[in-house]
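Enquirer:
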Amino acid sequence: KTRVTVLISGTGSNLQALIDACGSGQIPDAAIVRVVSDRKNVRGLERAEQAGIPTATHGILPYKQKHPHPEDSKKMSDEARSAYDTELARIVLADRPEMVVCAGFMRILTPSFLGPLQQASVPIINLHPALHGDLTGAGCIERAWEEYQAGERKSSGVMIHHVIADVDMGEPIVQRVVEMEGCSTVEDFQQRVHASEHPLIVEGTTVIVQKIRASKTGS
Ligand code: GAR
């Protein structure tokens, strides 16, 4: 089976979509070998445990304390980010995954993580709640909603893309437009986004699993 590691930070509804799709064979011959969260006690970790998937929590606090930000103690210094990512790479690679899926993982990944994964030829994909090149970073659902209310947009979207150091700018694998018309609150819109994400993350993961399989068999 193709070995998949999933990175999360919270609720894990997209992780659940992946667990279900691996279980049902919708993603053929793939297995989640570990779920890693940067936050402890989140719902996503419970979902993994319920499915019998090994978990790890890799928190940022010790890294922030060891390498404090020169100006703002709430922020992460470059040194902290890099040390955190070096250890994240070690945790992830210990399971010999063939791909990594970021499913609501809310941290920026730096070359300290991306480099070792690239060395090991492990592709990393990310779920992002906006179309490629439109909105990047955190809070895209809220920002799109504000623009909708100001009459400046009618739709947004969701995408699965390859992860590169340029945040949310890696090559898209699959994307879907999400219309905003008919939504009366940001929660309505958020629900629509989530409803689009769950099939999309399964589709995007399947694309990469099939590529990995094809490269193994040389077909
Ligand atoms: C999803 O909406 C995903 O698009 C978003 O976090 C949520 C996770 O939900 N990711 C980002 O904003 C990444 N920049 P979940 O924990 O229920 O899967």
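All you need for UniProt numbering is the position in the sequence shown, starting with 1, plus 5. Don't be surprised by glycine CBs; every beta carbon is placed ideally from N, CA and C. Since we're looking at a predicted model, the values are computed, not measured.
#1: Can you grab the Cα-Cα spacing for the pair serine 14 / arginine 44, in whole Å?
#2: Can you find a heavy atom of the ligand GAR that lies under 7 Å from the Cβ of threonine 16?
#3: Assuming residue 245 and alanine 143 make a contact with CB atoms under 8 Å, what is their CB distance in whole Å?
#4: Determine the DSSP secondary structure at valine 168, reduced to helix, strand or coil.
#5: Just grab the DSSP bridge partners of glycine 138 for me.
#6: By Cβ distance, which residues of its chain are closer than 6 Å to alanine 26, with the 5 residues on each side in sequence left out?
#7: Where are the alpha helix (DSSP H) runs, 4 residues long or more, that stay fully inside the segment 57-106, in chain order?
#8: Nearer than 7 Å: is that true of the beta carbon of valine 198 relative to any heavy atom of the ligand GAR?
#9: My assumption, with CB atoms under 8 Å, is that isoleucine 24 sits in contact with alanine 61. Please give the rounded CB distance.
#10: Considering only residues of the segment 6-62, which uninterrupted alpha helix (DSSP H) runs meet the minimum length of 4 residues and lie entirely inside it, listed in chain order?
Expert: The structure says:
#1: C-alpha separation (whole angstroms): 6 Å.
#2: Threonine 16 Cβ: within cutoff of the ligand GAR.
#3: Nothing in the structure corresponds to residue 245, since the chain is present only between 6 and 224.
#4: Valine 168 sits in coil when the DSSP states are folded into three classes, being neither helix nor strand.
#5: According to DSSP, glycine 138 bridges with nothing at all.
#6: Ile32, Val207.
#7: The alpha helix (DSSP H) runs lying completely inside the segment 57-106 and spanning 4 residues or more are 66-71, 83-98, given in chain order.
#8: Taking the Cβ of valine 198 as the reference point, at least one heavy atom of the ligand GAR falls within a distance shorter than 7 Å.
#9: Contact between isoleucine 24 and alanine 61 fails: their C-beta atoms lie close to 16 Å from each other, not under 8 Å.
#10: Along the segment 6-62, the alpha helix (DSSP H) occurs as fully enclosed runs of 4 or more residues at 18-29, 48-55, listed in sequence order.
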